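Quick notes on the structure that follows.
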Ligand SMILES: [Mg+2]
Ligand SMILES: [Zn+2]
């Protein structure tokens with residue numbers, strides 16, 4: 013049986029926004045992330061990161077650097093008994109590596125995750141801090157996409173509301189909306 017997922021943008025949602033972050037030392041969890049992940053997992057859903065890392069296409073850092081950052085995220089979550097169930101990354105940028113099907117707002121990363129992890133996209137959710145994250149969720153066909161007001165969120169709040177997306181303070185708020193209060 014397929015499972016639901018909470019798709020998560022990485023920078024500005026799971027970890028603090030730092031432009032072209034690429035070393036483990038720069039990684040800091042956003043507020044309330046372990047609690048949000050616990051609620052996702054308690055509900056039986058998967059927590060899946062979908063992230064654009066065009067710094068690789070730009071030659072600013074390598075795929076291995078990105079892997080190390082993701083390993084660091086898992087390391088910071090482990091003491092909380094939490095984890096990310098999958099990281100799906102677009103390493104491209106159209107100006108440097110040509111068009112691709114995975115750079116958000118394209119839905120490629122969602123489709124790859126769904127295929128790999130057995131996810132039912134129509135019953136899944138997305139949270140991001142940019143308008144393109146909301147569009148990626150819409151393009152993939154998730155049930156609901158949230159703009160969080162961490163990271164770049166405040167910059168996109170008006171447009172998100174105008175286009176009918178939910179706007180919430182943090183990832184925890186988004187998850188609570190979907191899966192309720194009870195443990
Ligand atoms: Mg972001
Ligand atoms: Zn791509």
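Residue numbers (the numbering used here): 13 to 195. A virtual CB, placed ideally from N, CA and C, is assigned to each residue, including glycine. All figures in this text were calculated on a predicted structure; none of them were measured in a lab.
Between which two residues does the beta strand (DSSP E) containing residue i stretch?
i	result
residue 109	First-last for residue 109: 106-109, but that is the alpha helix (DSSP H), not the beta strand (DSSP E).
residue 57	Unbroken run through residue 57: none, as it is neither H nor E.
residue 140	137-140
Out of the options, point me to the one whose CA is closest to residue i's CA.
i	options	result
residue 140	15, 20, 40	20
residue 115	90, 57, 147, 154	147
residue 156	172, 90, 165	172
residue 70	104, 78, 47	104
residue 48	32, 117, 92, 113	92
residue 145	75, 14, 32, 22	22
residue 7	64, 58, 15	Residue 7 lies beyond the residue range present for the chain, which begins at 13 and ends at 195; the question has no answer from this structure.
residue 149	160, 192, 118	118
Using the Cα positions of residue i and residue j, report the straight-line distance between them to the nearest angstrom.
i	j	result
residue 86	residue 97	10 Å
residue 189	residue 110	38 Å
residue 185	residue 124	27 Å
residue 206	residue 34	Within the shown structure, residues of the chain are numbered from 13 to 195, placing residue 206 beyond reach of any answer.
residue 2	residue 62	The structure shown does not extend to residue 2, since the chain is modelled only from 13 through 195, so no value can be given for it.
residue 153	residue 137	9 Å
residue 195	residue 52	For residue 195, the predicted structure reports a pLDDT of 47, less than 50, and the residue's modelled location is therefore unreliable. The matter cannot be settled from this model.
residue 107	residue 170	29 Å
residue 95	residue 129	15 Å
residue 89	residue 81	13 Å
residue 131	residue 73	30 Å
residue 16	residue 37	32 Å
residue 59	residue 32	23 Å
Would you identify the three-state DSSP class for residue i, choosing helix, strand or coil?
i	result
residue 177	coil
residue 184	helix
residue 131	strand
residue 158	strand
residue 19	strand
residue 35	coil
residue 68	coil
At what residues does the alpha helix (DSSP H) containing residue i begin and finish?
i	result
residue 98	Segment 98-102 is the beta strand (DSSP E) holding residue 98; no alpha helix (DSSP H) there.
residue 144	143-152
Closer than 7 Å: residues whose CB approaches a heavy atom of ligand 1: Output, sorted by chain position: 21, 22, 23, 24, 25, 29, 140, 141, 142, 145, 163, 164.
Give me every residue whose Cβ sits closer than 6 Å to any heavy atom of ligand 2, in chain order. Selection around ligand 2 by beta-carbon proximity, strictly under 6 Å to any non-hydrogen atom, yields 102, 104, 112, 114, 115 in chain order.
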